[in-house]
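Student:
There are 2 protein chains.
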Amino acid sequence: MDQNALPVAVDAMGGDNAPHEIIKGAELAIDAGIPVMLVGTPEALSEVDNIPVRYASEVIGMGEDPATSVRKKKDSSLVRSAEAVRDGDAIAMISAGNTGAIMASALLKIGRIRGVSRPAVATPIPVPGGGKPNILLDSGANAECNPEWLVQFAEMGAVYARDRFDIKKPRIGLLSIGEEPGKGSPLVKDAYGLLSDPSWQERCAGEFVGNVEGRDLMSQDVDVIVTDGFTGNVALKTVEGTAKSIVGALLEVFSSSAEAQEGVKLLTPALLPLYETLDPESVGGAILLGIKGVSMVSHGSSKAKAIFNAISTAFELSSDEHVQHLEQVIKQ
Amino acid sequence: MDQNALPVAVDAMGGDNAPHEIIKGAELAIDAGIPVMLVGTPEALSEVDNIPVRYASEVIGMGEDPATSVRKKKDSSLVRSAEAVRDGDAIAMISAGNTGAIMASALLKIGRIRGVSRPAVATPIPVPGGGKPNILLDSGANAECNPEWLVQFAEMGAVYARDRFDIKKPRIGLLSIGEEPGKGSPLVKDAYGLLSDPSWQERCAGEFVGNVEGRDLMSQDVDVIVTDGFTGNVALKTVEGTAKSIVGALLEVFSSSAEAQEGVKLLTPALLPLYETLDPESVGGAILLGIKGVSMVSHGSSKAKAIFNAISTAFELSSDEHVQHLEQVIKQ
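Those protein sequences? They're chains A and B, same order as listed. Under numbering that gives the first Met the number 0, think of the first position of the first sequence as 0, with each following residue one higher. Under numbering that gives the first Met the number 0, think of the first position of the second sequence as 0, with each following residue one higher.
1) Let me know if L270(B) comes out buried or exposed under the rule of 16 or more other beta-carbons within 10 Å of its beta-carbon.
2) Is it true that the CB of I310(A) sits closer than 8 Å to the CB of G110(A)?
3) Which residues in the same chain have their Cβ closer than 6 Å to the Cβ of P41(B), if we skip the five residues on either side of it in sequence?
4) Leaving out five residues on either side along the sequence, give the residues of the same chain with a beta carbon under 7 Å from the beta carbon of P146(B).
5) Straight-line CA distance for D220(B) to D74(A)?
6) What is the DSSP secondary structure of E57(B), reduced to helix, strand or coil?
7) Looking only at its own chain, which residues have a Cβ that is under 8 Å from the Cβ of E179(A), when we skip the five neighbours before and after it?
8) Applying the 10 Å Cβ sphere with the 16-neighbour rule, what's the burial state of S294(A)?
9) Which residues mark the beginning and the end of the alpha helix (DSSP H) in which S94(A) is found?
10) With a threshold of 16 other CB atoms inside 10 Å of the CB of K302(A), please say whether the residue is buried or exposed.
11) Using the C-alpha atoms, what's the distance from C144(A) back to L266(B)?
12) If you run the structure through DSSP and keep just helix, strand and coil, what is D278(B)?
13) Using a Cβ-Cβ cut-off of 8 Å (strictly less than) and excluding sequence neighbours within five positions of L44(A), which residues of its own chain qualify?
14) Quick check: what's the CA-CA separation for S94(A) versus P279(A)?
15) Can you list the residues of chain B that R214(A) reaches, using a CB-CB cut of under 8 Å?
16) Which value, in whole angstroms, describes the spacing of the CA atoms of E20(B) and D15(A)?
17) Do the CB positions of E206(A) and I171(A) come within less than 8 Å of each other?
18) For the region 142-155 of chain A, list every residue whose C-beta sits within 9 Å of some C-beta in chain B, in sequence order.
19) Would DSSP call T226(A) helix, strand or coil?
20) DSSP beta-bridge partners for P41(B)?
21) Do we get a CB-CB distance below 8 Å when we pair P127(B) with the residues of chain A?
22) Check for me: the beta strand (DSSP E) holding V208(B) runs from which residue to which?
23) List the residues of chain B that I371(A) touches, going by C-beta distances under 7 Å, in chain order.
24) Answer with buried or exposed for L288(A), where buried requires no fewer than 16 other C-beta atoms within 10 angstroms of its C-beta.
25) Just how far apart, CA to CA, sit A305(A) and A234(A)?
26) Should D48(B) be labelled buried (16 or more other beta-carbon atoms within 10 Å of its own) or exposed?
27) Round the Cβ separation of T67(B) and V296(B) to the nearest angstrom and send it over; I've been treating them as touching at under 8 Å.
28) Using beta carbons (cut-off 8 Å, strictly below), is V296(B) in contact with chain A?
29) How would you write the range of the beta strand (DSSP E) that N133(A) sits in, first residue to last?
30) Cβ of G262(B) less than 8 Å from any chain A Cβ?
31) R113(B) by DSSP, collapsed to three states: which one?
32) Thinking C-beta only, is E326(B) closer than 8 Å to I112(B)?
33) Anyone know if the C-beta pair for M102(A) and P118(A) falls short of 8 Å?
34) Taking only the alpha-carbon atoms, compute the straight-line gap between V282(B) and P272(B) and give it to the nearest angstrom.
35) So which residues on chain A does M217(B) lean against when the C-beta distance must stay under 7 Å?
36) Using a beta-carbon distance cut-off of less than 9 Å, what residues from the region 276-309 of chain B approach chain A?
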């Protein structure tokens, strides 16, 4: 480990399994040579001894209003995490807490990249049998969007796909309700026109492949899927819910009889890689694209493994100058 | 079979597997005692001998513009099917063809129920382990909606859930991006206010259970999920695509080694009911709610079994006076 490398600021208080699983995830990162700083209340961090800590007296809850809570809870773990990035004490931040509040604190304290209209949440969608996940954005930050924002989401998504998944020329699809250019809402139709212009595609070295549909979220024929935050959030949670329902029903089947259990034993070696692909803990966190610092959002249900994956991704992206790459592509 | 019962008009030309699988589906219906009339070109129906036929010289393709094709192709199988219902020669119609064109021909020839602002497509979503499917509407007819239409979708969805799945007091959820009333787009926030009014709930004997999220599409805690046609279509295809990706990956796993194949043999008896639940062929078709006659839309990929299920559902709904029940609930 580079002794001088800046740490990733980890909000120890965010998510359903805080602080215990968050701290465990931070320990995994330390073991892997990734510098980490835990941000939380003295009580929550009382037993941490091998990881640098920064204390905060307040916690923003999952149900709190993002803007209000960030403004009022100045000494919250989330606000302090964002300030650590702003002040150059941390290279990136991650939290499994209230997504809106993470966005608000990142926006308020770290700020947006010059030229970015609206930051977006970009979430990896697993692709069974396909290797790299697809990136869905905006998956929840902006319930209402205009066509120009969708173009900027496409640009940022292309840079992210390249930096995170090493895709040289990411294929970008526009989420709609039919493949033909004329299909969809007025927003989608207008965005389609703008996205067909080659100039932004050259700028971000991406390729617009036209409309894609809900059935293409796990497709191997696209890398980045662009949509407004309302549709994106519904689609994301529909993928999660459908996968969870099917996996849950399968697990019931697997334990339904002695014969079934015997069968599962034989299948396990072949099933494990698929389970790993679909496991939200493996896919890693979402990122806020457009913020002047790597800011990752882990799923509220994250356990140590997911937190470790998010920390490790945040550290790699920061080291690879992801934010600078975004700055180069965004039109001022 | 009641010798005087009116038949279900079946568009023999619609869908990826027409006319062969459509005719096979119609034969299954005849075997089950359900009267059917096949509508198609003389060539397509040349080998049909035990089912009444009505000839049409034209076919509306999957990619054709709905309004234009229905207006121009007056002698198409789809338009002739709708006319059979209009003229009292058939009790209901079904097609696996172009959804927009089915809607346009039903609207133009059969007409909408008095008081209905916009008909909607209502699609059953399988609920693994849950018995009855959930109903999602609008799943594609109206890309843009206003809040009042969503209330009417809720009313029609409640009647449909009762008539089709025998749910006495259907629980109706509004698809949004957070469970709290304030979450979502302006459309959703306005609709939430209207849906909270008890008067429409009394009228249709339904119960508004608040916002639901994408992850609740397969939930056992809701019966009818209301949304605009853009979001609904994305959500529907996301469910289908996710289920298909996972099932496809599972089938690969199952045949990946001799050991795995041995395991699958032991699991098969327990797996089959789940496979049946998720099989789009079993769930049956979507319905156009708000049309003055039962009009069903089968998936484009429908095979005989799905066609048979759609015919059988259409016949039952018609016999149970589903359209009259809708008319009683819709405010004039």
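By construction, the Cβ of each residue, glycine as well, lies at the ideal position given by its N, Cα and C atoms.
Tutor: Once the coordinates are examined:
1) One-based indexing of the second sequence puts residue 270(B) at position 271. The residue is buried, with at least 16 neighbouring Cβ atoms inside 10 Å.
2) Here residue 110(A) corresponds to residue number 111 of the first sequence, with the count starting at 1. Here residue 310(A) corresponds to residue number 311 of the first sequence, with the count starting at 1. No. Outside cutoff.
3) For this step, residue 41(B) is matched to residue 42 along the second sequence. The residues are Y54.
4) Numbered from 1 along the second sequence, position 147 holds the residue referred to as residue 146(B). The beta carbon of P146(B) sits closer than 7 Å to the beta carbons of L186, D189, A190 and L193 from its chain, once the five residues preceding and following it are set aside; these are given in chain order.
5) Mapped onto the second sequence, residue 220(B) falls at position 221. Mapped onto the first sequence, residue 74(A) falls at position 75. One C-alpha to the other measures close to 39 Å.
6) Working through the second sequence from its first residue, we reach residue 57(B) at position 58. DSSP, reduced to helix, strand and coil, places E57(B) within a strand of the structure shown.
7) Taking the first sequence and counting its residues from 1, one reaches residue 179(A) at position 180. Excluding five sequence positions before and after E179(A), the CB atoms of its chain that fall closer than 8 Å to its own CB belong to N210, given in chain order.
8) In the first sequence, counting from the first residue as 1, residue 294(A) sits at position 295. S294(A) should be labelled buried.
9) Start at 1 with the first residue of the first sequence, and residue 94(A) comes out as number 95. Going by DSSP, S94(A) is part of no alpha helix (DSSP H) but of the beta strand (DSSP E) stretching over A91 to S94.
10) Residue 302(A) sits at position 303 when you count from the first residue of the first sequence. Label assigned to K302(A): buried.
11) In the second sequence, the residue the question calls residue 266(B) occupies position 267. In the first sequence, the residue the question calls residue 144(A) occupies position 145. Counting only the Cα atoms, C144(A) lies some 47 Å from L266(B).
12) The residue given as residue 278(B) occupies position 279 in the second sequence. DSSP places D278(B) in coil when its eight states are reduced to three.
13) For the purposes of this step, residue 44(A) is taken as residue 45 along the first sequence, with counting starting at 1. For L44(A), where only same-chain residues beyond five positions count, the Cβ hits under 8 Å are A11, P18, I22, L37, V52 and Y54.
14) Within the first sequence, the letter at position 95 stands for residue 94(A). Within the first sequence, the letter at position 280 stands for residue 279(A). Between the C-alpha atoms of S94(A) and P279(A) there is a straight-line separation of about 15 Å.
15) Your numbering for residue 214(A) matches position 215 in the first sequence. Identification of chain B residues near R214(A) by a Cβ-Cβ cut-off of 8 Å yields K236, T237, E239, G240 and K243, ordered along the chain.
16) Numbered from its first residue, the second sequence carries residue 20(B) at position 21. Numbered from its first residue, the first sequence carries residue 15(A) at position 16. In a straight line, the C-alpha of E20(B) is about 50 Å away from that of D15(A).
17) Indexing the first sequence from 1 puts residue 206(A) at position 207. Indexing the first sequence from 1 puts residue 171(A) at position 172. Cβ atoms of E206(A) and I171(A): closer than 8 Å.
18) Here the close residues are A142 and E143.
19) Counting from 1 along the first sequence, the entry for residue 226(A) is found at position 227. Here T226(A) sits in coil by DSSP.
20) For the purposes of this step, residue 41(B) is taken as the residue at position 42 of the second sequence. Bridge pairing for P41(B): absent [DSSP].
21) For the purposes of this step, residue 127(B) is taken as the residue at position 128 of the second sequence. By this cut-off, P127(B) is an interface position.
22) Residue numbering aside, residue 208(B) sits at position 209 when the second sequence is read from its first letter. Its beta strand (DSSP E) spans residues E206 to V211.
23) Look at the range of chain A in this structure, 0 to 331, and you will see that residue 371(A) is not part of it.
24) The residue given as residue 288(A) occupies position 289 in the first sequence. Counting C-beta atoms within 10 angstroms of its own C-beta, L288(A) has 16 or more neighbours from the protein chains shown and is therefore classed as buried.
25) As a position in the first sequence, residue 305(A) is number 306, starting the count at 1. As a position in the first sequence, residue 234(A) is number 235, starting the count at 1. Cα to Cα, A305(A) sits roughly 21 Å from A234(A).
26) Counting from 1 along the second sequence, the entry for residue 48(B) is found at position 49. The residue is exposed, with fewer than 16 neighbouring Cβ atoms inside 10 Å.
27) Residue numbering aside, residue 67(B) sits at position 68 when the second sequence is read from its first letter. Residue numbering aside, residue 296(B) sits at position 297 when the second sequence is read from its first letter. A Cβ-Cβ distance of about 19 Å is found for the pair T67(B) and V296(B), leaving them out of contact under the 8 Å criterion.
28) Within the second sequence, the letter at position 297 stands for residue 296(B). It does not: the Cβ of V296(B) has no partner Cβ on chain A nearer than 8 Å.
29) Here residue 133(A) corresponds to residue number 134 of the first sequence, with the count starting at 1. Where N133(A) is concerned, the enclosing beta strand (DSSP E) stretches over N133 to L136.
30) Locating residue 262(B) in the second sequence gives position 263, counting from the first residue. Yes, because at least one Cβ of chain A sits closer than 8 Å to the Cβ of G262(B).
31) As a first step, residue 113(B) is located in the second sequence; it is residue number 114 there, counting from the start. In the structure shown, R113(B) falls within a coil segment according to DSSP collapsed to helix, strand and coil.
32) The count along the second sequence starts at 1 and reaches residue 112(B) at position 113. The count along the second sequence starts at 1 and reaches residue 326(B) at position 327. Yes. Within cutoff.
33) As a working mapping, residue 102(A) is identified with position 103 in the first sequence. As a working mapping, residue 118(A) is identified with position 119 in the first sequence. Contact: yes.
34) Your numbering for residue 282(B) matches position 283 in the second sequence. Your numbering for residue 272(B) matches position 273 in the second sequence. Taking the straight line joining both Cα atoms gives about 13 Å.
35) The sequence position of residue 217(B) within the second sequence is 218, counting from 1. Per Cβ cutoff of 7 Å: G240, T241 and S244.
36) Listed in sequence order: T276 and L277.
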